[in-house]
Each structure stands twice: as C-alpha cells, then as structure tokens.
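Letter 41 of the sequence shown, counting from 1, is numbered 44 in the numbering used here, and no numbers are missing. Note that CB positions come from ideal geometry on N, CA and C, so glycine has one too. See structure below.
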Amino acid sequence: MEKNKKIVIANWKMQLSPAEASLQAKNFKKLYNKAGLEKKVEVAIAPDFLSYLEVAKVFAGSNIFLAAQNGYSETKGAFTGEISLATLKETGCTYVLIGHSERRQFFAETDESINNKISFALQQDLIPVLCIGETFADRKDGRKDVVVMQQVQNALRGIDIKPSQTLIIAYEPVWAIGSGQAMQPAELKHTAMIIRQSLIDVLEDKDLPLVKIIYGGSVNSENISSFTDLDIISGALIGGASLEAEKFIDLIKQI
Ligand code: PEP
C-alpha cells in the first residue's frame, strides 16, 4: 500500500442482502472506474460474510480491495460460527476490521482476543484495521485520551510486526458512530497524535511499520474533507454513507 495514498474503507455491517450487496458492488465498480479515482484514493469494501464471495467475484481483477468485518485467529478447528483469517486471506481478502466497537459491545470482544487477531492477521499478511474509540461515558468522565491509549497498547503489546507490513488504526469515537454527530477536526488531530505516540511507545524499539490512522463516525460527503485534509489522517472508515454506490462515490470525490 502506498504511503501517501488516502484510504476509504466501507463497512457494510449487516445492512445489505447478498443480492443488494452484489448490485451495489457492481454499481460501485462501474462508477469508481469511470471517476478515475484509484490514483488518489484506495477503496476497500467489507460486506457481510454471506455476500463476501459474490462481492469478491465482482471485484476480482479490479483495483477495489476486499475487506472482512471480522475473522478468527486460528487456521482450522472446532470453532462453531467462526471464519478463519487464513481462509479470508485465501479468498482474496486484503484488509480485516478488528475490534470494531459493535463487536466489543455486542459480542464481548476483549483486548486479549483483539491482540490475538491482530497477531494472526499479520502472520497471514492481511492488513489489520484496528478499531478503537471511547464511549460517551468515557468522554464525560474525562477518560477519552487514557481509553484510547490503553486500547492501542493492549491491542498491540507483544505483536510481531515487520517494517514492510502495514497497520491501519481506525479511530472511531463510539458516540460518533451512526449518530450523525462527527468529531471536530481539531479534536481529531489531537487524538490522532496521542494514538501515534501510544503506538510508538508500545512497539518500543522496533522499526515502525507503515501506519495509517483513519477516522470513522458519521462521515459524509460534506464533512469528509475536513478530516482527510489533516496530514495525520490517512482516510476514513464509513458505515451508513457507503451503502449506496452513487452516494459513496460522491463522498470519495470530496477527498
Ligand atoms: C462504523 O460503524 O464503522 C461507522 C463509521 O459507521 P457510520 O459511518 O455509520 O457512523
């Protein structure tokens, strides 16, 4: 992945049926190619797992990347309901979201499981997209910076990452996700600097990999450039505004 290229990752969550996902993927591919945006912005799309192989077929041979919303940190075994990160790699996946706040909140993802997943994803040469962010209550308690620092450090402690590998950190304040209320750019800049320092601290004396910090939380075509114009922000993770191909392309054009 290129150092200075911005990246936009679409998280389709559990919002589209396989037929809808396939249609949106086909529409998006046409519009993305026509707009000639690939030199400026890399795009990855994370469909749900039932739509995943169909969307993979649509994007095969194109310059649109496939991402997964989750994955498990073992190659094979008795892990009912899980999908291995190794299998994802085999089926053309490039990026994997790890520790999204909805997984932490509704599916009891812990710092330990997140750390295992990051480690295993890197072993498979997948690009982990570590999702972090404080809740509204953390913020009201004045704990935002501490929570973010701890999430970075717990996710990455002891991780073996090569300088040639890439790590993406998606900073997504939980209160901003799906709420229509995005973080102010000045505060984002401050928080991104804390994230970067926490990362340098936890990776200690290792040679740093390519790290990109992206923002997520109520990003739309009106506000995206206020985040991506910040030098420290390399792109965005988009939920709601990525579900319709035409609207999603309009958003990417604003970068
Ligand atoms: C998300 O859930 O990762 C997200 C950023 O959602 P939204 O864009 O809808 O706030």
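No heavy atom of the ligand PEP is found nearer than 8 Å to the CB of residue 237. Residue 192 sits in a helix when the DSSP states are folded into three classes. Annotated as proximal: residue 70 and residue 14, with beta-carbon spacing under 9 Å. Within the chosen limit of 8 Å, the ligand PEP reaches the beta carbon of residue 241 through at least one heavy atom. By the Cβ test, the segment 20–33 is in contact with the segment 46–63, since at least three Cβ pairs between them sit closer than 8 Å.
With contacts defined by Cβ atoms closer than 9 Å, residue 129 and residue 98 form a contacting pair. The beta carbon of residue 4 lies closer than 6 Å to those of 169 in the same chain, with the five residues before and after it left out. For residue 217, the uninterrupted beta strand (DSSP E) run begins and ends at 213–219, by DSSP.
Where residue 169 is concerned, there is no enclosing alpha helix (DSSP H), although the beta strand (DSSP E) around it starts and stops at 169–174.
Residue 6 sits away from residue 206, with the two beta carbons spaced by 9 Å or more.
About 5 Å separates the Cβ atoms of residue 173 and residue 219, confirming a contact at the 8 Å cut-off. The three-state reading of DSSP puts residue 50 in coil, since its state is none of H, G, I, E or B. Excluding its 5 nearest sequence neighbours in each direction, residue 197 has C-beta neighbours in its own chain below 7 Å: 148, 151 and 152, listed in chain order. If you look at residue 149, you'll find it in the alpha helix (DSSP H) that goes 147–159. With a beta-carbon spacing of about 7 Å, residue 73 and residue 100 fall inside the 8 Å limit used to define contacts.
About 15 Å separates the beta carbons of residue 242 and residue 10, which is beyond the 8 Å limit, so they are not a contact pair. Secondary structure of residue 243 (DSSP, three-state): helix. Residue 88 is positioned such that its CB atom lies no closer than 9 Å to that of residue 43.
Residue 211 has its alpha-carbon roughly 5 Å from the corresponding atom of residue 166. Residue 20 sits in coil when the DSSP states are folded into three classes, being neither helix nor strand. Secondary structure at residue 67: strand, using DSSP grouped into helix, strand and coil. Nearest C-alpha to residue 154 among 94, 176 and 164: 176.
Rounded to whole angstroms, residue 138 and residue 208 show a C-alpha spacing of 31 Å.
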